[in-house]
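Engineer:
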Amino acid sequence: AFENELGVQAPLGFWDPAGFTKSGDVEDFNHRRSAEIKHGRVAMYATMGYIVPEYYKFPGFCSPSLNLKFADIPNGIQALYKVPLEGWLQWVALCGFYEFVVNQPADSKEPGNFGKGNLGITGKSIED
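Under this note's numbering, the first residue of the sequence shown is numbered 1183, with each subsequent residue one higher.
1) Could you have a look at Q1286 and say whether DSSP puts it in helix, strand or coil?
2) Grab the span of the beta strand (DSSP E) containing F1243 for me, first residue to last.
3) Is G1195 helix, strand or coil when you go by DSSP?
4) Can you have a look at C1277 and say buried or exposed, based on whether 16 or more other CB atoms are within 10 angstroms of its CB?
5) So who's on the other strand from K1251, going by DSSP bridges?
6) By alpha-carbon positions, which one of A1183, A1228 and P1193 ends up nearest to G1201?
7) On the premise that F1196 lies in contact with E1209, defined as a C-beta separation below 8 Å, what is that separation, rounded to the nearest angstrom?
Below, the structure is given as structure tokens:
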């Protein structure tokens, strides 16, 4: 049912080893594809978030009340222990707001299209 979808390539063709698409439900397929695209984007941003602090840190304070500067926060996993809980809660709230309010699909027939274009800057989708 999905042999002509974007991403189907020889020699494998449509590859679904777990059988998620056996039912042939297009809506379910689009939902799974949208989730796959979203997870890929999150992974790319996470990779950038891991690499960029090696070369650049924001000036100023992350937590003025604790006298914690951005420059004092270590890179990688150690940052989990240095940033206060309130800072992480703010980050989770911001991501949740973006997910449920800002990032709404622009076209239900095109999974992953949020109508924001390249990095949310151009506002134009990629054209075929």
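Just so you know, even glycine gets a beta-carbon here, dropped at the ideal spot from N, CA and C. Quantities reported herein were computed from a predicted structural model and do not represent experimental measurements.
Structural biologist: Result, derived from the coordinates:
1) coil
2) F1243 to S1245
3) strand
4) exposed
5) F1243
6) A1183
7) About 17 Å; that fails the 8 Å criterion.
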